[in-house]
Amino acid sequence: MKKCSTFKDVIAGRNIIKGQLYTDDGLVVKFDQKGARITSIEWKGQQIAKDGYIAGRCANRIANATFELNGKTYHVDKNHGKHHLHGGSKGFREINWTLVTQTADQITYSLHSPDGDMGYPGNLDVSVTYTLKQSGELSIEYRAKSDADTLLNLINHLYMSLNGDSSASGHILWIDADYYTERDQELIPSGKLLPVEGSKFDFKKPKTLVPSDNYDDNYVLKGKGYRKAASLSGTASGISVDVYTDRPGLQLYNTNSHICLETQLFPDAIHHDNFISPILKAGEEFYSKTSYCFNRKK
Numbered sequence: 009m010k011k012c013s014t015f016k017d018v019i020a021g022r023n024i025i026k027g028q029l030y031t032d033d034g035l036v037v038k039f040d041q042k043g044a045r046i047t048s049i050e051w052k053g054q055q056i057a058k059d060g061y062i063a064g065r066c067a068n069r070i071a072n073a074t075f076e077l078n079g080k081t082y083h084v085d086k087n088h089g090k091h092h093l094h095g096g097s098k099g100f101r102e103i104n105w106t107l108v109t110q111t112a113d114q115i116t117y118s119l120h121s122p123d124g125d126m127g128y129p130g131n132l133d134v135s136v137t138y139t140l141k142q143s144g145e146l147s148i149e150y151r152a153k154s155d156a157d158t159l160l161n162l163i164n165h166l167y168m169s170l171n172g173d174s175s176a177s178g179h180i181l182w183i184d185a186d187y188y189t190e191r192d193q194e195l196i197p198s199g200k201l202l203p204v205e206g207s208k209f210d211f212k213k214p215k216t217l218v219p220s221d222n223y224d225d226n227y228v229l230k231g232k233g234y235r236k237a238a239s240l241s242g243t244a245s246g247i248s249v250d251v252y253t254d255r256p257g258l259q260l261y262n263t264n265s266h267i268c269l270e271t272q273l274f275p276d277a278i279h280h281d282n283f284i285s286p287i288l289k290a291g292e293e294f295y296s297k298t299s300y301c302f303n304r305k306k
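Counting in the numbering used here, the final residue of the sequence shown is number 306, and the numbers go up one at a time with none missing.
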């Protein structure tokens, strides 16, 4: 890879602008080192997504901001009432990552999280690589390694509004899931998996998302390995996105203005034996991939 040291460079005849990837069809993805985030995704000048920060070490919630690991109790940052959310108040989304390399279609950021960071054990090294293909596929590859057992659940919290009007209305959603994880009013899972059939959580067939239903829920994705997990389309713009991932869960979250489809391990997984474990063993090399494939009707 060519080291990115200047604001603008030229590789293989294409302009390279620091912190930006783009397609010839007008899809532009802009990045910032804080949180290794996607600051904006625009298609021909129309913003369709924003603020896709990386959350970690352990994204989503940890009940009571405490967990046991190898016989020791750890207390992590309480930043969501009495609970822990998205790695804490100074989690990965609040840190300036290092820009490692950038090419015409790829950008990589890295981060060192020291032992004790937000209460987590182990020195952890993390990198995230974004790749944008001319087809409109934006892939996110996560890599991590720790010198001690720790917890890890990395996500991208991309906020999407595919009609370009900063509204969650007018979107059709499909999620490949028969179950979701039951939660309480504080958004902490009970450990039970409930069927989506016939409920507001049922997106097994594409249907219009109703923003007032206020989703902040984890879906149990069908299948294993890297596969298609969800699709979202804007009815006014003709823009759609297909989500592919190797993760077992997908958090559907919406505000009145945006929709998030966050691929992940299940929330509070450290406290539920029937959930896939979030423990990253010392010396183990972690890798995961999620892609957002953007399309536009001609």
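From the three backbone atoms N, C-alpha and C, an ideal C-beta is built for every residue, glycine too.
- Within 10 angstroms of the beta-carbon of His120 lie fewer than 16 other beta-carbons, which makes it exposed.
- In this structure, DSSP gives Glu292 a state outside helix and strand, which the three-state scheme calls coil.
- Under the criterion of beta carbons closer than 8 Å, Leu181 and Lys215 qualify as touching, at roughly 7 Å.
- Contact annotation: Pro129 and Thr158 have beta-carbon atoms nearer than 7 Å.
- Per DSSP, reduced to three states, the secondary structure at Phe100 is helical.
- With contacts defined by Cβ atoms closer than 7 Å, Gly172 and Ser245 form a contacting pair.
- Going by beta carbons, Ala112 and Val134 fall outside the 7 Å limit.
- In the structure shown, Pro275 falls within a coil segment according to DSSP collapsed to helix, strand and coil.
- Of the candidates Gly231, Gln272, His92, His92 places its Cα closest to the Cα of Gly127.
- Between the alpha carbons of Ile183 and Lys289 lies a gap of roughly 31 Å.
- Between the segment 133 to 147 and the segment 203 to 215, the count of C-beta pairs closer than 8 Å stays below three; the two stretches do not touch.
- Taking the Cα of Arg69 as reference, the smallest distance to any Cα among Gly99, Tyr252, Asn78, Ile49 is reached at Gly99.
- Taken in chain order, the complete beta strand (DSSP E) segments of 3 or more residues contained in the segment 202 to 282 are 224 to 229, 235 to 242, 247 to 253, 257 to 262, 267 to 272.
- Assigned with DSSP and collapsed to three states, Ala71 falls in helix.
- Residue range 114 to 121 is occupied by the beta strand (DSSP E) that includes Thr116.
- Relative to Ser175, the option among Lys58, Ser198, Tyr295, Ala238 whose CA is nearest is Lys58.
- Restricting attention to Ser154, Ala156, Asp155, Ile163, the CA atom closest to the CA of Ile148 is found in Ile163.
- Excluding the 5 residues flanking it on each side, Asp32 has no same chain C-beta neighbour closer than 6 Å.
- Spanning the alpha carbons of Gln193 and Ser97 requires a straight line of approximately 21 Å.
- With respect to the C-alpha of Tyr117, the residue from Ser169, His83, Asp40, Lys208 having the closest C-alpha is Asp40.
- Note: Glu50 is bridge-paired with Val36, Gln55 in the DSSP secondary-structure output.
- Three or more beta-carbon pairs separated by less than 8 Å are not found between the segment 46 to 62 and the segment 250 to 263, which leaves the two stretches without contact.
- Sorting Pro219, Gly79, Gly206 by C-alpha distance to the C-alpha of Tyr261 places Pro219 at the top.
- In summary, Ser296 is buried, with 16 or more beta-carbon neighbours lying within 10 Å of its beta-carbon over all protein chains present.
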